[in-house]
Amino acid sequence: MKYVFHPEALNEYSKAVRYYAEQRVDLAQSFINAVEDAIYRLKESPNRYPLIEGDIRRCLIGTFPYGILYSLEQD
Numbered sequence: 001m002k003y004v005f006h007p008e009a010l011n012e013y014s015k016a017v018r019y020y021a022e023q024r025v026d027l028a029q030s031f032i033n034a035v036e037d038a039i040y041r042l043k044e045s046p047n048r049y050p051l052i053e054g055d056i057r058r059c060l061i062g063t064f065p066y067g068i069l070y071s072l073e074q075d
C-alpha cells in the first residue's frame, strides 16, 4: 500500500513540525515519530479506523492534537 499526502495536508504537517521545533527540538521529533507510527498502522490495517464522512477515515495522532484523514483508492 502506498500513500500520498494531499498538498494542503503536507503544508499543515510541515507547519506543525516547525511549530514544535520552535518549542523544543525533541518535541518536533516526537511529533514526526507519532505521524510515522500512525502511517505504519494505517498501512498495516487500513480499515481499522472509523469512517467520519463518506469514504473518509480518521486516525488520531497519539498525544498530539492532530489526525490523519484518509481514503482508500484502488491502485
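Residues 1 to 75 (my numbering) are what the sequence shown spells out, left to right. Glycine residues also receive a C-beta, built at the ideal position from the N, C-alpha and C atoms. None of these values were measured; they are calculated from a predicted model.
Here LEU10 is exposed: its Cβ has fewer than 16 other Cβ atoms, across all protein chains shown, within 10 Å. Counting only residues of its own chain and dropping the five nearest sequence neighbours on each side, GLN74 has no CB closer than 6 Å to any other CB. The beta carbons of ARG58 and PRO50 sit about 7 Å from each other, so the pair counts as a contact at 8 Å. Nearest neighbour of GLU36 by Cα position, chosen from VAL25, LEU69, ILE61, ALA21, turns out to be ILE61. Counting the other CB atoms within 10 Å of its CB gives ILE56 a total below 16, which places it among the exposed residues.
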